[in-house]
């Protein structure tokens, strides 16, 4: 029996060593898992931070784009009003010039000399209104 006791004495430290190695392996696996979880958490926080920055830039650019559209609308309205005002101020002059041009013709006198004359009773349609021109338009 003595032989078996010696074998038991040799197996005992080997079993202890196997337990130590298994425990170390388990601890290593647990540490790797913990490190993986921590890195995934840090990556998620970083991704969330980047997404937040991206959304802030998108909303900032969208806001400025909306402001640009509003500014362009205002500028366009101002220019349209300016053109309407200019049209109102010069339209009577343009009508007068057209009437003068339409009612003036080149005539020849008895000697064959050309001179500008005016047609009497000319009728024009201007802005949907019928105009009678019987007198000289200047």
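In the numbering used here, the protein residues as written are -16 to 121.
Note that CB positions come from ideal geometry on N, CA and C, so glycine has one too.
Which class does residue i belong to by DSSP, given the choice of helix, strand or coil?
{"i": "residue 87", "result": "strand"}
When we look at the beta-carbon of residue i and count the other beta-carbons within 10 Å, is it buried (16 or more) or exposed?
{"i": "residue 45", "result": "exposed"}
{"i": "residue 59", "result": "exposed"}
Got a sec: does the ligand COA put a non-hydrogen atom nearer than 7 angstroms to the Cβ of residue i?
{"i": "residue 18", "result": "Because no ligand of any kind appears in the structure shown, any question about the ligand COA cannot be addressed here."}
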